[in-house]
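Student: Once you've had a glance at the structure underneath, I'll fire off some questions.
Numbering (my numbering), first residue to last: -8 to 374.
Below, the structure written as structure tokens:
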């Protein structure tokens, strides 16, 4: 008789556990039912990831590769073993075969940390294989095009995202006093997102702003024109700055004239992040090779047509640039005037009272203000 109470307690405990399981199951079924009727439009066949690039919303994140590079890969073996070493930086030269010796000297100044990309404007590519480094370089050939035409089409920010810095250089640069690794160290040390080597002051036309200064490593001071820091023959861009600059390059303006005046729009503060590296300097040899790629018309030599196109593009770029203007709150504190002030050097333009801004205008007698279709700017003006 003494065992019956123990049996009763065991049965009671079993009954409680069973009831607990039943209750949890019922609650789960009811909750699932209400969730199902609350979201009838959900389809498990669709995948939407807000962080995926535009056009890839239906892809699982694990398969999305939003950018690429110029790394050369094998046609055999394990893909993970293709790249025992990845270059950190990209150097591009726009070249003609006539300048092969100069380019050969320049390329030797760059270590294996730098990928080499040649844009060929004269159609001659295979001849470059006389140089061993050329067999490892990337070659892109389209006749009679400029480096900015190439840059817009082949240096999209998602293509060069693998490289920390991008050099976009001309073919006529003397590099006897230049060391690429030391240059990168100074750029990083001084926080330069846009830079160029200093120019030898005794050779050719050299602006004061880019002229090499022998008493310092880097200078960031502009003298001729406010906001103009570097030129376009040998610029170096950080990955972040290039993403902005690329969007500013116009498809139809292939010479890039005027682009150097607008580079400051891509970094802030510009006077801290744009500069000239004096201790690593180059010589601009001013070889008019691209002029020979023009067309002689009306009894004028080919180079005159190229130069005329450069000047025309400069004016067009200025027009497109001032179509949308950066307007900050501080500009509203200027006294009202009936003038338009534009910080550009031309007969019809006036000096801007504040070098921080490109244009000063007000509603009284000034251009009509309206919303700007370009989200990078706050205000547009026009007649």
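By construction, the Cβ of each residue, glycine as well, lies at the ideal position given by its N, Cα and C atoms. All of these numbers come straight from a predicted model, not from anything done at the bench.
#1: I'd like the list of long-range same chain contacts for residue 247, defined as Cβ closer than 6 Å, with 5 residues on each side in sequence excluded.
#2: Tell me which same chain residues have a C-beta within less than 7 Å of the C-beta of residue 166, skipping the five on either side of it?
#3: Along the chain, where does the beta strand (DSSP E) that runs through residue 269 open and close?
#4: What alpha helix (DSSP H) runs, 4 residues minimum, are completely inside the stretch 141 to 223?
#5: Please report the Cβ distance between residue 276 and residue 174, rounded to the nearest whole angstrom; I am assuming they are in contact, meaning their Cβ atoms lie under 8 Å.
#6: Among the residues of its own chain, which have a CB less than 6 Å from the CB of residue 306, if the five just before and after it don't count?
#7: According to DSSP, simplified to helix, strand and coil, what is residue 116?
#8: Select from 73, 257, 43 the residue whose C-alpha is nearest the C-alpha of residue 53.
#9: Identify whether residue 295 lies in helix, strand or coil by the three-state DSSP scheme.
#10: Locate the alpha helix (DSSP H) running through residue 94, then write down its first and last residues.
#11: To the nearest angstrom, how far is it from the Cα of residue 131 to the Cα of residue 48?
#12: Between the alpha carbons of residue 58 and residue 85, how many angstroms are there, rounded?
#13: Going by C-alpha distance, which of 203, 45, 182, 115 is nearest residue 191?
#14: Pull up the DSSP beta-bridge partners for residue 132, would you.
#15: Identify every residue that forms a DSSP beta bridge with residue 63.
#16: Just the Cα atoms here: how many angstroms apart are residue 67 and residue 75?
Tutor: With the given structure in hand:
#1: 139, 223, listed in sequence order.
#2: 96, 97, 100, 273
#3: 265 to 275
#4: 171 to 180
#5: Not a contact, Cβ separation roughly 19 Å.
#6: Around residue 306: no qualifying Cβ.
#7: coil
#8: Checked all of 73, 257, 43; the closest Cα to residue 53 is 43.
#9: helix
#10: Looking at the DSSP string, the run of the alpha helix (DSSP H) that includes residue 94 is 91 to 98.
#11: So the two alpha carbons sit approximately 32 Å from each other.
#12: Distance between residue 58 and residue 85, taken at the CA atoms: about 24 Å.
#13: 203
#14: Under DSSP, residue 132 forms a beta bridge with 111.
#15: None; residue 63 has no bridge partner.
#16: 15 Å
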